[in-house]
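*Asks:* Protein chains in written order, with our numbering: chain A, 1 to 273; chain B, 1001 to 1268.
Yeah, the Cβ is synthetic: ideal placement off N, Cα and C, and Gly gets one too.
This is the structure I have questions about; it appears just below.
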């Protein structure tokens, strides 16, 4: 369970990214974080594992406050938090297997990781996860030889190999096409359900969030302006989050996307027939 | 709507135009001045004589004395060893310096980074011939002075290019490894080293290639290798031998350049 209490982040430049953000994520709950760019979505999830230092407030993961942990304790806390990135953030020149095993770095000694001699349980887990995300045959390929969707699956396997108690997911589909985006979202949701894993997912694609999330938090200018189920996310609420003009434009964009997808599907069906 | 907008648009502001004009004025003035200095310092009698002198030396240099080649094999081997060992020494010293100098890996930006940058600048500003001159005075003549001279000169070159490569690494890959709970040394090993490794090998081979050329002349100041033979031949005006040495250096350089180009294309 994750408790975020009165979290505030002010950057050195004076930009206030987050002000007094509080919410709780229960075990197994997948929360979508929506909001216009610059609303503080990215700062928020980076504050949780302290890739960005919070200015004030508390972040409690199963009871321990992550704010104020020393370097060693912070590393031990980070290994319990898996993170999935927008641009996959795989180490491109390492193999898929090394990338997945790098999720274990917090648990093994420097020499074990340096010589790539991981414990048998870690290797077995890595293979099992690669099988789960459908990439078992690609284990020894270099990460930069994979397609976008495949890379994101490796990213998911890396995060899961940490045996995390919480997943932080930063725009997992922003670099993917609509079809792959849906596959990746479905995979993420399934995995969270299988493991009863709580997750915070930054997502700018509102229809995608409505389709997959159990709960949605809306951020605007660093403040929580909505917290509820996807059904409660009405036009009025979205107008509050995004501002009237942007929301109308985004909705039209989404309709065009959906239309384009349907057309493409029809076209494919016709060609196939 | 129409007619309210100007019909003219200028690419450069008047101030820029003035500055460009002033720049060219300075360049022309500088050129005229330099021309004058050059004419004053030249003894035209020698210049008029130049074609004849060149033809004379050329005539004496040709044909090269090929029977001299076997005697050059040992110094050539010394030269190659000097370049290779010097490069290794330089790289070993340069790697820690580069990590201290790179903004994203330095442990202390206030103290260690300036020191590392100073080492790089100091090494780069002194030509390896000067390093060799100093080291021959300290260590006595021989290949050891040459190796250390090559090594010291390489530290700056490799250090600078390597620290720039380290600073250009993709931060999201580093962030991702940090997020797994990795220690700083593991971040180095998993996120930074894989990203800079191709640059590292490219720089090393490139420097080795330069060092072959440089070590061939270090003998001029007593640091062993082909240069020593070159100096000996020049001293006794044995021009055909000089030609042979120059041809051998040319051949070696061409070969090393070919190897370095092959290795670098294989890496990218």
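Give the DSSP-derived three-state secondary structure of residue 1183 (chain B) in the structure shown.
*Replies:* For the purposes of this step, residue 1183 (chain B) is taken as residue 183 along the second chain, with counting starting at 1. In the structure shown, residue 1183 (chain B) sits in coil (DSSP, three-state: anything other than H, G, I, E or B).
*Asks:* Is residue 83 (chain A) helix, strand or coil when you go by DSSP?
*Replies:* Reading the first chain from its first residue, position 83 is the one you call residue 83 (chain A). Reduced to three states, the DSSP call for residue 83 (chain A) is strand.
*Asks:* Check the Cβ of residue 102 (chain A) against every Cβ in chain B and list those closer than 7 angstroms, keeping chain order.
*Replies:* Taking the first chain and counting its residues from 1, the one referred to as residue 102 (chain A) is at position 102. In chain order: 1177, 1180, 1190.
*Asks:* What separation, rounded to the nearest whole angstrom, lies between the Cα atoms of residue 1188 (chain B) and residue 1244 (chain B)?
*Replies:* Walking along the second chain from the start, residue 1188 (chain B) turns up at place 188. Walking along the second chain from the start, residue 1244 (chain B) turns up at place 244. Between the alpha carbons of residue 1188 (chain B) and residue 1244 (chain B) lies a distance of about 49 angstroms.
*Asks:* With respect to the beta strand (DSSP E) encompassing residue 5 (chain A), which residues constitute its N-terminal and C-terminal limits?
*Replies:* In the first chain, the residue the question calls residue 5 (chain A) occupies position 5. Its beta strand (DSSP E) spans residues 2–10.
*Asks:* Determine the extent of the beta strand (DSSP E) in which residue 25 (chain A) is found, giving its start and end residues.
*Replies:* By one-based count along the first chain, residue 25 (chain A) stands at place 25. Unbroken beta strand (DSSP E) run through residue 25 (chain A): 16–25.
*Asks:* Output the distance between the C-alpha atoms of residue 1220 (chain B) and residue 1130 (chain B), rounded to the nearest integer angstrom.
*Replies:* Locating residue 1220 (chain B) in the second chain gives position 220, where the first residue counts as 1. Locating residue 1130 (chain B) in the second chain gives position 130, where the first residue counts as 1. Going from the Cα of residue 1220 (chain B) to the Cα of residue 1130 (chain B) covers about 11 angstroms.
*Asks:* If you reduce the DSSP assignment to three classes, tell me which class residue 177 (chain A) lands in.
*Replies:* As a first step, residue 177 (chain A) must be located in the first chain, where it is residue number 177. Coil at residue 177 (chain A), not helix or strand.
*Asks:* How would you call residue 1048 (chain B), buried or exposed, if buried means at least 16 neighbouring beta carbons within 10 angstroms?
*Replies:* On the second chain, residue 1048 (chain B) is found 48 positions in, with the first residue counted as 1. Its Cβ having fewer than 16 others within 10 Å, residue 1048 (chain B) is exposed.
*Asks:* For the stretch 148–167 of chain A, which residues have a beta carbon sitting closer than 9 angstroms to at least one beta carbon of chain B?
*Replies:* 155, 158, 159, 161, 162
*Asks:* Under a three-way DSSP split, which group does residue 223 (chain A) fall into?
*Replies:* Position 223 of the first chain, counted from the first residue, corresponds to residue 223 (chain A). Of the three classes helix, strand and coil, the one that applies to residue 223 (chain A) here is strand, per DSSP.
*Asks:* So which residues of chain B does residue 42 (chain A) contact, with C-beta pairs closer than 9 angstroms?
*Replies:* Position 42 of the first chain holds residue 42 (chain A). Residues of chain B passing the Cβ test: none, with the nearest at roughly 11 angstroms.
*Asks:* Can you tell me where the beta strand (DSSP E) with residue 56 (chain A) in it begins and where it stops?
*Replies:* Here residue 56 (chain A) refers to the residue found at position 56 when the first chain is read from its first residue. Element bounds for residue 56 (chain A): 56–61.
*Asks:* Kindly confirm or deny that the stretch 223–233 of chain A and the stretch 206–215 of chain A touch, where touching means at least three C-beta pairs closer than 8 angstroms.
*Replies:* The stretch 223–233 of chain A, when compared against the stretch 206–215 of chain A, does touch it at the 8 angstroms Cβ threshold.
*Asks:* According to DSSP, simplified to helix, strand and coil, what is residue 170 (chain A)?
*Replies:* Within the first chain, residue 170 (chain A) is the residue found at index 170, counting from 1. Correct three-state label for residue 170 (chain A): strand.
*Asks:* Output the distance between the C-alpha atoms of residue 162 (chain A) and residue 64 (chain A), rounded to the nearest integer angstrom.
*Replies:* Taking the first chain and counting its residues from 1, one reaches residue 162 (chain A) at position 162. Taking the first chain and counting its residues from 1, one reaches residue 64 (chain A) at position 64. Between residue 162 (chain A) and residue 64 (chain A), the C-alpha separation is close to 18 angstroms.
*Asks:* With a threshold of 8 angstroms, are at least 3 pairs of Cβ atoms found where one atom belongs to the stretch 1091–1103 of chain B and the other to the stretch 1064–1082 of chain B?
*Replies:* Using a C-beta cut-off of 8 angstroms, the stretch 1091–1103 of chain B makes no contact with the stretch 1064–1082 of chain B, since fewer than three inter-stretch Cβ pairs fall below that distance.
*Asks:* Against chain B, which members of the stretch 60–77 of chain A pass a CB distance test of less than 7 angstroms?
*Replies:* 75, 76
*Asks:* By the criterion of Cβ-Cβ separation under 8 angstroms, what are the contact partners of residue 1197 (chain B) in chain A?
*Replies:* Within the second chain, numbered from 1, the residue matching residue 1197 (chain B) stands at position 197. Going along chain A in sequence order, the residues near residue 1197 (chain B) (Cβ under 8 angstroms) are 93.
*Asks:* Just the Cα atoms here: how many angstroms apart are residue 116 (chain A) and residue 1115 (chain B)?
*Replies:* Locating residue 116 (chain A) in the first chain gives position 116, counting from the first residue. Locating residue 1115 (chain B) in the second chain gives position 115, counting from the first residue. If I take the Cα positions, the gap works out to 34 angstroms.
*Asks:* Taking the beta carbon of residue 1168 (chain B) as the centre, do at least 16 other beta carbons fall within 10 Å, making it buried, or is it exposed?
*Replies:* Position 168 of the second chain, counted from the first residue, corresponds to residue 1168 (chain B). Per the 10 Å Cβ criterion, exposed.
*Asks:* Do the CB positions of residue 34 (chain A) and residue 138 (chain A) come within less than 9 angstroms of each other?
*Replies:* The residue labelled residue 34 (chain A) in the question sits at position 34 within the first chain. The residue labelled residue 138 (chain A) in the question sits at position 138 within the first chain. No, the pair does not count as a contact, with Cβ atoms beyond the cut-off.
*Asks:* Inspect the beta-carbon positions of residue 32 (chain A) and residue 216 (chain A) and report whether they are closer than 9 angstroms.
*Replies:* Position 32 of the first chain, counted from the start, is the residue given in the question as residue 32 (chain A). Position 216 of the first chain, counted from the start, is the residue given in the question as residue 216 (chain A). Yes, the Cβ-Cβ distance between residue 32 (chain A) and residue 216 (chain A) is below 9 angstroms.
*Asks:* Strictly by DSSP, which residues pair up with residue 142 (chain A)?
*Replies:* Looking up residue 142 (chain A) in the first chain gives position 142. In the DSSP output, where bridge partners are listed per residue, residue 142 (chain A) has A:95.
*Asks:* Check whether the Cβ of residue 81 (chain A) lies closer than 9 angstroms to any Cβ atom in chain B.
*Replies:* Taking the first residue of the first chain as position 1, residue 81 (chain A) is located at position 81. Output row for residue 81 (chain A): interface = yes.
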